[in-house]
Amino acid sequence: HGWAVSELTWMAAAGAERRKSVCFGLMYALLVYQLDRAAAPGYWEYLALLRSLDRNDIVVRTAAGFARRLGALHAHCAVRLVALVSDMAEARWPQAGQVIMVLQRESLPHSALAQAAPHVVKGVLGCARVGVAASADVVQATFLWAARWARCLLAAPDWKAEPSVGGGEDETGLRTQFLELAAGLWANSREAVMRAGPALLWTMLVCRDDPGLSDCWADVAACEDELLGHEAPPQCWSHLLSTEQHEQLAFVISDTKRCERLLQWFLHRHVSQRRQGGDAQHIPWVGSTYLADCIIVALSLHRGVAPDGAAGQAILWERLLAAAGDPGLRSFAFDAA
7 HGWAVSELTW
17 MAAAGAERRK
27 SVCFGLMYAL
37 LVYQLDRAAA
47 PGYWEYLALL
57 RSLDRNDIVV
67 RTAAGFARRL
77 GALHAHCAVR
87 LVALVSDMAE
97 ARWPQAGQVI
107 MVLQRESLPH
117 SALAQAAPHV
127 VKGVLGCARV
137 GVAASADVVQ
147 ATFLWAARWA
157 RCLLAAPDWK
167 AEPSVGGGED
177 ETGLRTQFLE
187 LAAGLWANSR
197 EAVMRAGPAL
207 LWTMLVCRDD
217 PGLSDCWADV
227 AACEDELLGH
237 EAPPQCWSHL
247 LSTEQHEQLA
257 FVISDTKRCE
267 RLLQWFLHRH
277 VSQRRQGGDA
287 QHIPWVGSTY
297 LADCIIVALS
307 LHRGVAPDGA
317 AGQAILWERL
327 LAAAGDPGLR
337 SFAFDAA
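Here my numbering is used: the first residue of the sequence shown is 7, the next is one more, and so on.
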């Protein structure tokens, strides 16, 4: 490993493009191959080399790209990616918080990853606890993510992490960790969390019956007018959906004809299958909440991207109301407020 580090250093010294290639190739290698962290030289020397070479944020951009495909990665590669991002956050790597936010969006309660690889969700939780102080954006997003997961696990009596990888903790221990993370952020970074505005109020509305979040809900409800008095940061609304889902939804509703043809397809692909016993069959609370999230995000996106005014608004509402049901109707009431 010492020889490899020396050779890579010489290769990177040949120019900016060589340096970028070394960063990308080394990132790929760290995800594919299992390295003994206790060996020296080894993993930590490679990470230190990456830190010294990463002048163009190649490492962060590569990590974010892999994080967007977290659910499609081989299980061991996903675990290594989460551990690597956690090490980056602990080293105060610039922009590491942005990668943590991507990981959170790909490990939401409604995601297939939540059922297929719950131990990865536990890893993302540990990563978030390390890097939550990176910026106000990360604080806001992490609170919204942790509160939703805590409420989800309250409604999931049969949901368990994999004992062989997750350390044998059941959903009760994991729920406690999510609650501790959310409570700690509320206690220590309340001002930053409050800047999430309507997105914070929306999240606490769907989590208001969680006894572990009762104090937070009481504080948020008392500040309702203040929270509704300004727009939520865009990343707070987008944090309700995965990156792919958000991009698809924005594309669909940006054109009236596309909205008319494809919105039902989007809702069927991402929502109906889960509500009918698909990915979220072990977490019943998720299906209805996810539908409401899709609607509130669609309404918020429509104000910024749709060009067709009242006509486009009417078609969007018609399509959303057709799929809403009781859970989705609260989205319309909230958006009107």
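Ideal Cβ placement from N, Cα and C applies to all residues, glycine included.
Buried or exposed by the 16-neighbour rule on C-beta atoms within 10 Å, applied to residue i
i, result
"K263", "exposed"
"E112", "buried"
"C29", "buried"
"Y5", "As shown, the chain starts at 7 and ends at 343. That puts residue 5 outside it, with no answer to give."
"T209", "buried"
"D42", "exposed"
"D225", "exposed"
"R154", "buried"
"A120", "buried"
"H245", "buried"
"G8", "exposed"
"R201", "buried"
"D221", "exposed"
"Y34", "exposed"
"W16", "exposed"
"A123", "buried"
"C265", "buried"
"C1", "Limits of the chain in this structure are 7 at one end and 343 at the other, which puts residue 1 out of reach."
"A54", "exposed"
"Y39", "exposed"
"S12", "exposed"
"A188", "buried"
"A193", "exposed"
"A162", "buried"
"D231", "exposed"
"A134", "buried"
"A78", "exposed"
"A147", "buried"
7 Å CB neighbourhood of residue i in its chain, flanking five on each side removed
i, result
"A205", "L150, A238, C242, W243"
"G218", "A156, L185"
"N62", "K26"
"I64", "K26, C29, F30"
"R181", "A156, L159, L160"
"F272", "Q254, L255, V258"
"L59", "A18, R25, V28, C29"
"V277", "Y296, L297, C300"
"Q183", "L131"
"A102", "V66, V91, M94, A95, G137, A140"
"L307", "L255, A256, I259"
Host alpha helix (DSSP H) of residue i (start-end)
i, result
"P124", "124-137"
"C222", "220-228"
"P204", "204-212"
"A152", "142-160"
"G77", "Premise fails: G77 is in no alpha helix (DSSP H) and is neither H nor E."
"S58", "49-59"
"A22", "22-38"
"L268", "262-273"
For residue i, three-class secondary structure by DSSP
i, result
"P240", "helix"
"W16", "helix"
"A193", "helix"
"Q101", "coil"
"H116", "coil"
"R181", "helix"
"D231", "helix"
"A304", "helix"
"R201", "coil"
"S248", "coil"
"L255", "helix"
"A95", "helix"
"D299", "helix"
"R67", "helix"
"H7", "coil"
"A45", "coil"
heavy atom of the ligand ATP below 7 Å from residue i C-beta
i, result
"I259", "Although the ligand ATP was asked about, the structure shown includes no ligands whatsoever."
Other residues of its chain near residue i: CB distance less than 6 Å, five sequence neighbours each side excluded
i, result
"L268", "V258"
"R86", "L37"
"S214", "Reading off the sequence, residue 214 comes out as Arg, not Ser. Hits under 6 Å: W223."
"L109", "A73, V130"
"A46", "none"
"A152", "F184, L187, A188"
Cβ-based neighbour list, residue i, same chain, cut-off 8 Å, excluding 5 preceding and 5 following
i, result
"G283", "For G283, the predicted structure reports a pLDDT of 47, less than 50, and the residue's modelled location is therefore unreliable. A value from the coordinates is still provided. Taken in chain order, the list of residues that qualify is empty."
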